[in-house]
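Protein sequence lines, in the order shown, are assigned to chains A and G.
Under the numbering used here, think of the first position of the first sequence as 0, with each following residue one higher.
Under the numbering used here, think of the first position of the second sequence as 0, with each following residue one higher.
Cβ atoms here follow ideal geometry from the backbone N, Cα and C, with glycine treated the same way.
Being a predicted model, the structure only gives us computed values, none of them experimental.
Take a look at the structure set out below.
Number of protein chains: 2
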Amino acid sequence: MGVSKIINRLKALGDLHRQNILKLLAAQEMGACEIIQAIGLSQPAIAHHLKILKQAGLIDSEKEGKIVFYNLNKDGLKELLKQMDGFLESLSCFSCSLPKPSPLRQNPNLCTEMGFDPEVCAKMVGEETCTKRKRR
Amino acid sequence: MGVSKIINRLKALGDLHRQNILKLLAAQEMGACEIIQAIGLSQPAIAHHLKILKQAGLIDSEKEGKIVFYNLNKDGLKELLKQMDGFLESLSCFSCSLPKPSPLRQNPNLCTEMGFDPEVCAKMVGEETCTKRKRR
DNA sequence: TACATATTTAAATAATTAAATATATAATAC
DNA sequence: GTATTATATATTTAATTATTTAAATATGTA
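So, in C-alpha cells, the structure goes:
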C-alpha cells in the first residue's frame, strides 16, 4: 500500500479540491457524504477524487455499514515527503557543486551540428526517450 | 521569484517530461535546443514546458547571444520541499494525535440530517467553498 | 539571410464533472 | 422470513473543460 509512485502523488496533490479534502480530513475523520456537503461537488465527482487520493496512498477508507469513512494516510503523506527529498537529492539540490556549463558556451554552433550528448541523456532519462529522435 | 505557490509547483512537477527536463539539467546546464533534442518533443512544446517550470520557480534561464541557457533553480526546489513540509505539518502529519472520529459513527442518520459542521469546514478550506451549498 | 527561441493558433489528448445507473446495506412493510 | 423501499457509495457514460502538442508565425540575434 505504501508504494505509490511519486508522480501519482504529485498529480493527486496538484488539485485544489483534493487539497481541500485532505485539509478537512486533517480536522477529523469524515464519511463520504460529509465530504460531499463540505466541498460542494457532486457525489460522483467526490468519489472520483477520493479514489485518486486513495490510489496515491494519501488517504485510507473504512466501511462501516453503508457509510465509508475516510482518514488521512499519514504514513503515505510522510513517505511523499521522503520521496520528494530523494528526488531533490538526485538532482543534487543539496550539494554545492556548480552546474557543468553547456558545451554550447564554447561552441554556439554545436546546437545544429550535434546537440546534446546522447549518452548523458540516456543516463538521465532513459534510452527510449533519447534515442527515439534522429538528428536533422 | 522565490514565491511560487505550492499548487503551481506540484502541477509543474506532476508531468514526466518536465521531471525529465529537471533531471537533464541536474547533469549540466543546457541550451533550449539541446533540451529539444534530448526530450524529443517539438520546439514549441519544450518552450511551453520550460515556461511552466520557470514560472514555478524550479529553473532559471540566462540568454547569451541567440541561445537561452537553462539551469536548475536549486533554491526554488529546496523551497518546495519546505512548502511540502509545511503543508504536511498543517495536516498534523507529524503529531501522534488520533483522528477525531466522525459524528456519523455515533449517529449514522446524521448525514441526511445535518452533515458536516460548516464552521469546521470554513475553518479548513475557506468560507466560499463551504457555505455555497444549501442543505437539502 | 539564417538560426534560436518565444508566442499564437488550432488540433489532439487528458482530466474533470454531472447525470444516469449499479451495488450494497439498512430500514420498513407485509 | 421475504419483499420493498430508502440511503450511501461506486461505476459508467457523456459532456465540459483544461492541458498538451505541433504547425505557423513572430521576435531577436549573429
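**Asked** Between the beta-carbon of Leu-13 (chain G) and the beta-carbon of Lys-81 (chain A), is there less than 7 Å?
**Response** Inspection of the sequence shows that residue 13 (chain G) is occupied by Gly rather than by Leu. No.
**Asked** Which stretch, first to last residue, makes up the alpha helix (DSSP H) that contains Ser-89 (chain A)?
**Response** 73-89
**Request:** With a threshold of 16 other CB atoms inside 10 Å of the CB of Gln-18 (chain G), please say whether the residue is buried or exposed.
**Result:** buried
**Prompt:** Fully enclosed by the region 21-80 of chain A, which alpha helix (DSSP H) runs are 4 residues long or longer?
**Reply:** Listed in chain order, the complete alpha helix (DSSP H) runs (minimum 4 residues) inside the region 21-80 of chain A are 31-38, 42-54.
**Message:** Does any residue of chain A have a CB that is nearer than 7 Å to the CB of Lys-99 (chain G)?
**Reply:** yes
**Message:** If the cut-off is 7 Å on Cβ atoms, which residues from the region 23-37 of chain G count as contacting chain A, listed in chain order?
**Reply:** Leu-23, Ala-25, Ala-26, Gln-27, Glu-28, Met-29, Gly-30, Cys-32, Glu-33, Gln-36, Ala-37
**Asked** Which residues in the same chain have their Cβ closer than 7 Å to the Cβ of Leu-76 (chain A), if we skip the five residues on either side of it in sequence?
**Response** So the list reads Leu-57, once near-sequence residues are dropped.
**Asked** Taking Cβ positions only, does Leu-154 (chain A) come closer than 7 Å to chain G?
**Response** Given a span of 0 to 135 for chain A in the structure shown, any question on residue 154 (chain A) remains unanswerable.
**Request:** Closer than 8 Å, Cβ to Cβ, to anything on chain A: give me those residues from the region 52-80 of chain G, in chain order.
**Result:** Glu-63, Gly-64, Lys-65, Ile-66, Phe-68, Asn-70, Leu-71, Lys-73, Leu-76, Lys-77, Leu-79, Leu-80
**Asked** Rounded C-beta distance between Ser-101 (chain G) and Met-29 (chain A)? I'm assuming under 8 Å.
**Response** About 5 Å separates the beta carbons of Ser-101 (chain G) and Met-29 (chain A), which is inside the 8 Å limit, making them a contact pair.
**Request:** Taking only the alpha-carbon atoms, compute the straight-line gap between Ile-45 (chain G) and Ser-94 (chain G) and give it to the nearest angstrom.
**Result:** The alpha-carbon atoms of Ile-45 (chain G) and Ser-94 (chain G) are separated by roughly 42 Å.
**Request:** Using the Cα positions of Lys-133 (chain A) and Pro-98 (chain A), report the straight-line distance between them to the nearest angstrom.
**Result:** For Lys-133 (chain A), the predicted structure reports a pLDDT of 38, less than 50, and the residue's modelled location is therefore unreliable. The matter cannot be settled from this model.
**Asked** Quick one: does Asn-108 (chain G) have its CB under 7 Å from some CB of chain A?
**Response** no
**Message:** I want to see whether chain A comes within less than 7 Å of Lys-131 (chain G), judged by CB atoms only; does it?
**Reply:** Its pLDDT being 41, under 50, Lys-131 (chain G) is placed unreliably in this model, and the value from its coordinates should be taken loosely. It does; some Cβ of chain A falls within 7 Å.
**Asked** What residues in its chain sit with their C-beta under 7 Å from that of Lys-53 (chain G), if we drop five residues either side in the sequence?
**Response** Here the set comprises Ser-60.
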